[in-house]
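Student: This is the structure, below, for whatever I ask next.
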């Protein structure tokens, strides 16, 4: 999921019964994951750790920091 009104469509996505939903979270600094504090998504979530639209690739420590921040919002 990239560039959408995520909170508005999250219940509809859950009804689709996808095994895994991947979302862009690196540019938003994990702000999109706040939605999962209020909505218990029933399936797996793959959060992006780098922006596929950018030529810049973050180093390992930066990606690890992003993943640790994600764990505050969603279970491992």
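Numbering (my numbering), first residue to last: 2 to 77.
A virtual CB, placed ideally from N, CA and C, is assigned to each residue, including glycine.
Since we're looking at a predicted model, the values are computed, not measured.
Helix, strand or coil: how does DSSP classify residue 26 here?
Tutor: Reduced to three states, the DSSP call for residue 26 is coil.
Student: Please classify residue 24 as buried or exposed, where buried requires at least 16 other C-beta atoms within 10 Å of its C-beta.
Tutor: Buried is the call here.
Student: How far does the alpha helix (DSSP H) with residue 67 in it extend, from its first residue to its last?
Tutor: Per DSSP, residue 67 belongs to the alpha helix (DSSP H) from 61-71.
Student: Beta carbon of residue 67, beta carbon of residue 31: below 8 Å?
Tutor: Yes, the Cβ-Cβ distance between residue 67 and residue 31 is below 8 Å.
Student: Would you list the one or two residues that DSSP bridges to residue 45?
Tutor: 21, per the DSSP bridge assignment.
Student: Residue 38 lies in the alpha helix (DSSP H); which residues open and close that run?
Tutor: Run containing residue 38: 36-39, per the alpha helix (DSSP H) assignment.
Student: Got a sec? Which residues, its chain only, sit under 6 Å from residue 40 by beta carbon, not counting five neighbours each side?
Tutor: If we look at residue 40 and ignore the five residues flanking it on each side, its Cβ neighbours are 11.
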